[in-house]
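Have a look at the structure below, then the notes.
Number of protein chains: 2
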Amino acid sequence: MNKSIADRIEQYIKVLIARSTERQIEIQRAELAETFSCVPSQVTYVLRTRFTEKDGYYKESRRGGRGYVRITELQQEYGGLLGSNKLIQFIDQLSTEKLLNERETAMIKHIIINAGNDLPLEYKIRVNEGIAAALRQFLEIH
Amino acid sequence: MNKSIADRIEQYIKVLIARSTERQIEIQRAELAETFSCVPSQVTYVLRTRFTEKDGYYKESRRGGRGYVRITELQQEYGGLLGSNKLIQFIDQLSTEKLLNERETAMIKHIIINAGNDLPLEYKIRVNEGIAAALRQFLEIH
DNA sequence: CCTTCTTTGACCTTATTTGACCTTTAATAA
DNA sequence: TTATTAAAGGTCAAATAAGGTCAAAGAAGG
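For the record, the sequence lines run as chains E and G.
By the numbering used here, the letter at position 96 of the first sequence is numbered 139, and the numbering carries on one by one without gaps.
By the numbering used here, the letter at position 13 of the second sequence is numbered 56, and the numbering carries on one by one without gaps.
Here you go:
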């Protein structure tokens, strides 16, 4: 629909990354702001809210003359924290800590291994992260 | 039968959806309220009472600048499990049948409700179906 | 009457946009 | 080489722009 400036900048950056060979780009904050007729801090805002480490991006920058912001899209194993085996490890840890009994551990593992098996990788990772977060929260409450 | 504002808003939204290509529309709550000369929360009321998941609709929204409410009409011809609430019902049934104890029931429900929350609908459905299948299988084995 | 559905409004939370001011670094002048 | 200046990017808070919640008041229908 009618996207906000932030949305459009996000899109733009993602296209640039997609086109890049190394999943990495360098932008000039001021120049990008100029392109979208907004203030530079708007770009910072977009980077802060949509290119976080949790989203799978890594950022570096340098100030001064020839300054830049370098954005790298991480391969999901690193950025997303949790591939299935990382999550399995996490479950095992909970088991060791007696926060889950044997049956619960087996059940959760079974679900992790089988649910969302055929999803594209990035969604699978999000599901796994969701499961981990939900489980943590549940154990906090109960 | 003098239709209420709520009825008219409902009709209006349904026409918009029918006209859309993707069975999905985005509205601005305030704008729609303006159109019908009512308060914005009236729109919320209509969405809450007539566009529930049980009615076959899926809703997403965002606040702030360029906020929106996105309404998707679900395709009902899925043989299996549709939304989270169908799955929740399934879990409750397992609980009634004593296949899951109280803690297990709560845990699984918590995971279902929270995991994959922000996925696009079609993936959410697939995750839910995966969870149900995995759970069935686990209970067969154990 | 009593219940349920609708309408309204006050107040809350979240997201975006903007701008003033700060810090770091490269380039340049002395 | 050192000091200065200009050129970046960073931070933060205020202003603005949405949507959400909830409860009270009103209306419709048994």
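C-beta: ideal position from N, C-alpha, C; glycine also.
By alpha-carbon positions, which one of G:177, G:49, G:168 and G:147 ends up nearest to residue 83 of chain G? G:49
Neighbour list for residue 47 of chain E in chain G, Cβ cutoff strictly below 7 Å: 108 and 109
Once DSSP output is grouped into helix, strand and coil, what is the label at residue 115 of chain G? Residue state for residue 115 of chain G is assigned as strand, using DSSP reduced to three classes.
Which of helix, strand or coil does DSSP assign to residue 93 of chain E? Residue state, collapsed to three classes: helix.
Under 7 Å by beta carbon: chain G residues contacting residue 154 of chain E: 174, 177 and 178
Which residues in the same chain as residue 115 of chain E place their Cβ atom closer than 7 Å to its Cβ, once the five residues preceding and following it in sequence are excluded? 66, 67, 100 and 101
Going by C-alpha distance, which of G:157, G:47 and G:56 is nearest residue 169 of chain E? G:157
For the candidate residues E:56, E:146 and E:129, whose alpha-carbon lies nearest to that of residue 172 of chain E? Residue 172 of chain E has its Cα closest to that of E:129, out of E:56, E:146 and E:129.
What are the complete alpha helix (DSSP H) segments, minimum 4 residues, inside the segment 135–166 of chain G? 145–157
Scan the segment 44–99 of chain E and note each continuous alpha helix (DSSP H) run of 4 residues or more that stays entirely inside, going in chain order. Counting only runs of 4+ residues, the alpha helix (DSSP H) found wholly inside the segment 44–99 of chain E occupies 48–62, 72–78 and 83–93, in chain order.
According to the neighbour-count rule (16 or more other Cβ atoms, all chains shown, within 10 Å of its Cβ), is residue 61 of chain E buried or exposed? exposed
Report the option in G:137, G:152, G:76 and G:131 whose CA atom is closest to the CA atom of residue 51 of chain G. Ranked by how close their Cα comes to the Cα of residue 51 of chain G, the residues G:137, G:152, G:76 and G:131 have G:76 in first place.
Examine chain G for any beta-carbon lying closer than 8 Å to the beta-carbon of residue 162 of chain E, and answer yes or no. Interface residue, yes.
Scan the segment 92–108 of chain G for residues whose Cβ lies nearer than 7 Å to a Cβ of chain E and list them as they occur along the chain. 108
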